[in-house]
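Student: Residue numbers (the working numbering), protein chains in the order written: chain G, 24 to 355; chain Y, 1490 to 1833; chain W, 46 to 702. The C-beta atom is built at its ideal place from N, Cα and C for all residues, glycine as well. Predicted model only: the values in this text are computed from it and were never measured.
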Amino acid sequence: MKRSYVIKRILYALFIFIVVLTLNFFIPRLGVRDPAERYYPPQGAMSDIEYEIIKQFTREQYGFDVSTFQQYIRYVRGLMRLDLGTSLRPGSPRVVELIGQRLPWTLVLSVTTLIISLIIGLLFGTLAAWKRGRWQDTLLLNASTISVALPSFFIALMLSFYLGFELELFPAYTNPNMVAEFDWSWNAIQVVFNNAALPIMSMALGGIVGYSQSTRNSVIAVTNEDFVITARAKGLSHTTVLYKHVLRNALLPLATSIGMSISGLIGGAIIIERVFNWQGMGTLFLEANSTNDYPLMMGIMLFLSAFAILANLVTELFYAILDPRVTVGDKR
Amino acid sequence: MSQRNVLLQVARRGGSFLSLVRKIWQHPKGRVGLIMVGCLALVAILAPVLAPYDPYDVTQRAAKGLRPSWEHPLGTTITTGQDILSMLIYGSRVSLAIGLTTGVALAVLGALMGVMAGYIGGPVDTLIMRIVDILLVIPTLPLIIVLTNLLGRSYFVIVLVFVAFGWTGLARVIRSLVLVLKNSNYVKAAELAGASRWYIMTKHILPGTSHLIIMNTTLTCAGIMVAEAGLSFLGLGDPTAISWGKMLAEAQGGGALLFGAWWWILAPGAGIFLAVFSFMRIGIVMEEVFNPRMKASSSIHKLFKHLNHSYLDEVFRSMEDDGGAESTEKPDPAEPSTTEGGHD
Amino acid sequence: MLTRRGWLGVCSALLAATIVVLSGCQRIEYPCRTDPTNTLYVGVVQASFPSVFMPWLSRDGIAPTVASMLYSTLFSYDDETGEFSPSLARRWYYVDAEGKPIVTDSGSIDFDRLETHGVKTLTNPQTGKTERYLTVRVELDPRARWSDGRPVTADDVYYTLDIARNNYLSNHAGALAWTADLLHLYSSSGKLQLQGIFTYDRGAADCGYQIDEAERDHVVYLHVRGVLGAVTSLFTTVLILPQHLWEPIVSRESQLNSRNPDARMQHLYQNPVGCGPYVLDAEASGPALIVLRRNDLYHMTREDSSPLYAVETIRLILYQELNVAIYAVMQGHIDMLDAGLSPNYVRLFDGRDDLFVSVAEGTYTQTLVFNVNPVASAQTPMRSLLANTDVRRAIALAIDTEMLIRLVANGAAAPMSAGLIRESLTDFYNPSADILRGEHSERLQRANDLLDRILPEKDEQGYRLLDGERVSFSILGHPGEIELISFLEIQLQRIGIGIRYQAKGSSPETTYLWTSRFDMTIQGVILSLANVDIMLNAHFAALGRTSNYGRLVAPDLAAAIEEMRSTLNLHRKYELLRDLQPMIAKLYYKVPLYSPQIVSIARTDRYTGYQVVPGATVFNTTNLQQIRRLDSSGRTASSPSGSPGSPVGIVAAADKE
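Shown next, in the form of structure tokens:
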């Protein structure tokens, strides 16, 4: 892979990151004359003079007492130290700390869902492509329309109702002590997956159908290519054709779509986490929102954006490895 | 070369909107879709007539938490005693209104950007594509949540963010098509004849992309309706309006699961499903209507597939959890030449 | 692409993953169901739990409740009777110029002598004005201990009150501690300008305040403002901190209320040392769990020396959603829920013998507040209508509170007098202030008559017109109040006034209350004996960032409130409080809608003996002190530290010296 291509893509990613962090910096300052009032809203029985003094303290504490440009510089400097700011929660935990606590839990959901939907999707998609036109194929087509039309949170609600409340197979809501009592023991892992089962089921449905559809299309497309027809004409067996030629090329575009969905791994589960009260990044963000915790909110947004940029970059480079033609003639 | 010709023929596949509708009607699945959309529109428009009670009218409340009965076919809500069937009917208004408004606005903005980027090229193209890259990276749902916090909860903010972030997909698709159309003979002829850029763009290029736009708009509307339901579910919409997503949120928050009132959850869910399903049906049927010949040729099929579906991801990505699953290509389709053949 | 071995690898990985995932499929036993110990599992519905328990750091959520269990105030207060009960301190009285107690023969405060002999004056160095003040002597309970074993002394009280007044070191922690009536003043640079707290080692003798050698560690003298209410907040809201732990750590760089605490302070935040009935088990606690263990060193006990609090361990479990928590109680995952439920849920608990449903009288009142005096920039013709008392009176008369109680609150609410004081506060409730009662149709007629004189014109739909424009007001509220506002809309339609819902904005400075950008709003009002001094002023007299949203300016009322606040005669004070109520009622500024009851639930299979406490959920000190743990056979277990079935008599022996 050409080095100039790699460097170009990295620089470009950096450029996007800088734009995004600038936006991130300015958004909470939207429509507010005095950010200190937003960070420390006035308490009822305080006098005006007292409140002014408190605002001054707040300004100093959060660095609003310097010019906007200086605040920006401080912000960028902080980012270089990997400091995303300090939350407004009592005790002032750092944003990176909070993210670090919650991120693994979101990943438990997302990664498990990804793996499950990928594997099942691949298998079913190949099957549907192989049996093109038969009932497996039509089933897939209908399923894919249905899965888009049925919002995942609705499926989540129905699942939590039937499997959770009525049949009591899985807990309808996440046990709030699951995180605190997790000690890497086998029992604790069982508890985690017991609680994660319903959220994963809600998310996996859409994923399975999606990957099946993509695989099927990809496989069909490749199957009709000249070189495959050539291979068949040469007399190679079905299986050999399937494995050596079709899948290899069909999976190529699939790899990039996986890369795309990786960036959705973290931020994508907000609604599902909310339905089940799963203590992950999604609920962290919603908590920050309900308590007007701006540093935490913007910190998470920046983190998600940075992750998306990184995921894109990795995907592009990976794709370039698989298909070097992309690195040439990259006209933009 | 051959595929370019086919594309051009697609683009030029003439006929007015009406003939399009007729063709969809002739398709059996399309007919179902059209009927469903028609019914949906009727329900939304005639809501005050169709609904047995007026859910906005506080005097028409009944006892709270009634089970389905003849007076209240879907029972009443536990929190306020409103008739659920009437809420369902009125909820269609919000979904439809937002879906269509956003869809149309996205179509306009996306097509405009795509055509400009594709046709004018050069710095305009670069600028637009850069903006697209930046917009793609910012997570939509958290952003909407932040903006609702700052600017107040209303559908206006939601529509604004959808439009501001959603045009990227359509723009890219249109841009690819425009790049092909740009080199077609009759466009070149018009340029030689001295026609202005805008003239060419509006009179020649835009009509060529119109079918693509219409089809994508239909699918976008479907996606927006799902996304709006999700946002209303989180409580980010107008608190006084009745929407299906909000009904689901009320159901969950009001303890429907505790009381065993599964119908309260099923009803809005079914509403969302039917509305989105009907739009999607029409969209998919449109695709088949346009390109009956495309099924035969695989690489064209592949090209078209990625032209169509690659942007739905961006709409769905923040809402669904494995949103990338629909696309088959890198969401930055290079020129068609890179998609040919395979390699051992 | 993949060889046979490759496929084998994939399949086995798949199998392993499936096993791991499917291992989750089993019924989990919740600890509450199997825990045999005297542990109460309490569900709390919040967005998140605090991780620090510095009592002045936060007013949100469960933090103040937990802080009040970990720390103590000097006295506790009975809202209904106005009596102080001992907590950290056993006794207090005013002293006169010679240092003698101003008490009657029976031991209660001698109000007649207070005015003549108790009041002194000083010059306030900050304002230059002369101020009246009283001297109070407080005697601490010598048995009081911090949870690390050290005794609670007068130095702790001095330190706490002193730093509350010193913003330089405490970063306005004092604003959360309500010490404004203590005349102990610091400059903004941390210099003591006026001393108002005296102990044996700190100037008591110089002022002539008597403290014996033997009691030197347990007596504090305070200079408080010359009003009766000055001691109330000082004694009952200020949580005393241990000086020996905080003083070495607090500095200008590391302030008491700092949002960027250093390591030592962080440790102290998270491992609080208090003298309250419970101690935080910091190791067992986590982000969704707070474990409190009964403090063996707690000095207040029953007469037979058994612990005052019957519950040994409390586990507070975080639920972020109310329905989840209710489900948990119904399934037995927790014993009780510290949250007020909507009355809609009561039906759910019908017929369940294992649940105790507490419906307690509420202490706060939903009121409709008018913007009677907007700032000039927010003045509109509609709002100028609201300045007219008769218009407000008509609106108040037209509101059908019974209908609201029935339909909005599902019957779980009580009407409230227009004087805004609860009937149960018999000592000073004034029935003549209850002017909004009566037959609704008759009130409606009166309202219409009143408005016919002011706004005679109506449009086709029956709404009144002001200069040709329909009279319509917006009510500022949050989404939970939409129902209420819709009902008000209907009710006011019958007098020809239009109403619409206006959403509260996301931040105070861009909306409403302190900028007068609203017509009406819904406000919760709590007036009780403990807070009348501050609250009446904040609601009806003071301007600025107070609870006086509509900027009412009523000189007579303000003067009466001030007199009530400053009189030193308790009987006169109650008299004035009674007189204030009709005055407030007739202003029709904050019109009461209803007082919601507090509905909460608890399970009866592990504990029994719950009581309904007005103004509280089932999680309250009374219940914590007296509920009994049942053993597995359902009989009351004998508590390991004392006789079962001890009577409710709470107060510790006060004179065990």
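Using 10 angstroms around the beta-carbon of I39 of chain G, count the other beta-carbons present and answer buried if the total reaches 16, otherwise exposed.
Tutor: Buried, because 16 or more other Cβ atoms sit within 10 Å of the Cβ of I39 of chain G.
Student: Would V336 of chain W and D326 of chain W be called neighbours here (beta carbons separated by less than 7 Å)?
Tutor: A contact, by the Cβ cut-off of 7 Å.
Student: Quick check: the Cα distance between I143 of chain G and I223 of chain G, rounded to an integer number of angstroms?
Tutor: So the alpha carbons of these two residues sit roughly 14 Å apart.
Student: What first and last residue would you give for the beta strand (DSSP E) that runs through D201 of chain W?
Tutor: No beta strand (DSSP E) holds D201 of chain W; the alpha helix (DSSP H) holding it covers 199-210.
Student: Can you tell which of W:L115, W:G173, W:H217 has the C-alpha that lies nearest to the C-alpha of E73 of chain G?
Tutor: Looking at the Cα atoms, W:H217 is the closest of the given residues.
Student: Starting from F280 of chain W and walking both ways along the beta strand (DSSP E), at which residues does that stretch end?
Tutor: Run containing F280 of chain W: none in the beta strand (DSSP E); it sits in the alpha helix (DSSP H), 275-282.
Student: Determine the chain W residues that contact T314 of chain G at a beta-carbon separation under 7 Å, and present them in chain order.
Tutor: By Cβ distance, chain W contributes A92.
Student: Hey, how far is the Cα of S278 of chain W from the Cα of L179 of chain W?
Tutor: In a straight line, the C-alpha of S278 of chain W is about 15 Å away from that of L179 of chain W.
Student: How big is the Cα-Cα spacing for E1776 of chain Y and L46 of chain G?
Tutor: Cα to Cα, E1776 of chain Y sits roughly 38 Å from L46 of chain G.
Student: Using a Cβ cut-off of 9 Å, which residues of the segment 364-391 of chain W contact any Cβ in chain Y, in chain order?
Tutor: Those residues of the segment 364-391 of chain W that come within reach of chain Y (Cβ to Cβ, closer than 9 Å) are E366, L367, N368, I371, Y372, M375, S387, N389, Y390.
Student: Assuming R539 of chain W and L489 of chain W form a contact by the criterion Cβ under 8 Å, report the distance between their Cβ atoms to the nearest whole angstrom.
Tutor: With 8 Å as the limit, R539 of chain W and L489 of chain W qualify as a contact, their Cβ atoms being about 6 Å apart.
Student: Pick out the complete alpha helix (DSSP H) segments inside the segment 249-331 of chain W, 4 residues or longer, and give them in chain order.
Tutor: Fully enclosed alpha helix (DSSP H) runs of 4 or longer: 275-282, 288-291, 308-315.
Student: Which class does V232 of chain G belong to by DSSP, given the choice of helix, strand or coil?
Tutor: Three-state DSSP puts V232 of chain G in a helix.
Student: Using alpha carbons as the reference points, say which of W:E406, W:S422, W:I499, W:H289 lies closest to T198 of chain W.
Tutor: Nearest of W:E406, W:S422, W:I499, W:H289 to T198 of chain W, Cα basis: W:H289.
Student: Excluding the 5 residues preceding and the 5 following G595 of chain W in the sequence, name in chain order all residues of the same chain whose CB lies nearer than 7 Å to its CB.
Tutor: Within the same chain, G595 of chain W has close Cβ partners V414, F415, N416, V417, N418, Y634.
Student: Pick from W:R360, W:T649, W:E348: whose alpha carbon is nearest that of Y323 of chain W?
Tutor: Nearest C-alpha to Y323 of chain W: W:R360.
Student: What residues from chain W crowd round V134 of chain G, counting only those whose CB sits closer than 7 Å?
Tutor: Near V134 of chain G there are no residues of chain W at all, since even the closest Cβ is about 11 Å away, more than 7 Å.
Student: Since R648 of chain W sits in a beta bridge, which residues does DSSP pair it with?
Tutor: W:L400.
Student: Quick check: is the beta carbon of Y196 of chain G nearer than 7 Å to any beta carbon in chain W?
Tutor: Chain W contact via Cβ: present.
Student: Would you report the Cα separation of V577 of chain W and L206 of chain W, rounded to the nearest angstrom?
Tutor: If I take the Cα positions, the gap works out to 22 Å.
Student: Counting only beta-carbon atoms, is P318 of chain G nearer than 7 Å to chain Y?
Tutor: It does not: the Cβ of P318 of chain G has no partner Cβ on chain Y nearer than 7 Å.
Student: Just the Cα atoms here: how many angstroms apart are D1802 of chain Y and S241 of chain G?
Tutor: Here the model assigns D1802 of chain Y a pLDDT of 46, short of 50, so the residue's position is not dependable, and the following value carries that caveat. Cα-Cα distance, rounded: 17 Å.
Student: Rounded to whole angstroms, how far is the Cβ of G1726 of chain Y from the Cβ of I1647 of chain Y, which I believe are closer than 8 Å?
Tutor: With 8 Å as the limit, G1726 of chain Y and I1647 of chain Y qualify as a contact, their Cβ atoms being about 6 Å apart.
Student: With 8 Å as the C-beta to C-beta threshold (strictly closer), list the residues of the segment 593-609 of chain W near chain G in chain order.
Tutor: Against chain G - using a Cβ distance shorter than 8 Å - the segment 593-609 of chain W contributes no residues.
Student: With DSSP collapsed to three states, give me the class of L362 of chain W.
Tutor: According to the sequence provided, residue 362 of chain W is Ile. The question's Leu does not apply to it. In this structure, I362 of chain W counts as strand in the three-state DSSP scheme.
Student: Using 8 Å as the Cβ pair cut-off and three pairs as the minimum, do the segment 105-123 of chain W and the segment 149-163 of chain W touch?
Tutor: At 8 Å Cβ cutoff, the stretches do not touch.
Student: Cα-Cα, which of Y:Y1608, Y:M1602, Y:D1572, Y:L1555 is closest to D1543 of chain Y?
Tutor: Of the listed residues, the one whose Cα sits closest to D1543 of chain Y is Y:D1572.
Student: S117 of chain W and S132 of chain W: beta carbons closer than 7 Å?
Tutor: Closer than 7 Å, so yes.
Student: Does C1710 of chain Y pass the burial test, meaning 16 or more other C-beta atoms within 10 Å, or should it be called exposed?
Tutor: Result: buried.
Student: In three-state terms, what does DSSP make of T118 of chain W?
Tutor: T118 of chain W falls in the coil class under three-state DSSP.
Student: Name the chain G residues whose beta carbon is nearer than 7 Å to that of P1541 of chain Y?
Tutor: Simply none; closest approach about 24 Å.
Student: Where does W158 of chain G land, buried or exposed, given buried means 16+ other C-beta within 10 angstroms?
Tutor: By the neighbour-count rule (16 or more Cβ atoms within 10 Å), W158 of chain G is not buried but exposed.
Student: Give the C-beta separation of Y354 of chain W and L669 of chain W to the nearest angstrom, bearing in mind that I take them to be a contact with Cβ-Cβ under 8 Å.
Tutor: Sure, about 5 Å apart at Cβ, within 8 Å.
Student: Indicate the three-state DSSP secondary structure (helix, strand or coil) for A463 of chain W in the structure shown.
Tutor: A463 of chain W falls in the coil class under three-state DSSP.
Student: Would you list the residues sitting across from G88 of chain W in a DSSP beta bridge?
Tutor: Paired residues: W:I362, W:L382.
Student: Classify A1530 of chain Y as buried or exposed, calling it buried when 16 or more other Cβ atoms lie within 10 Å of its own Cβ.
Tutor: Classification for A1530 of chain Y: exposed.
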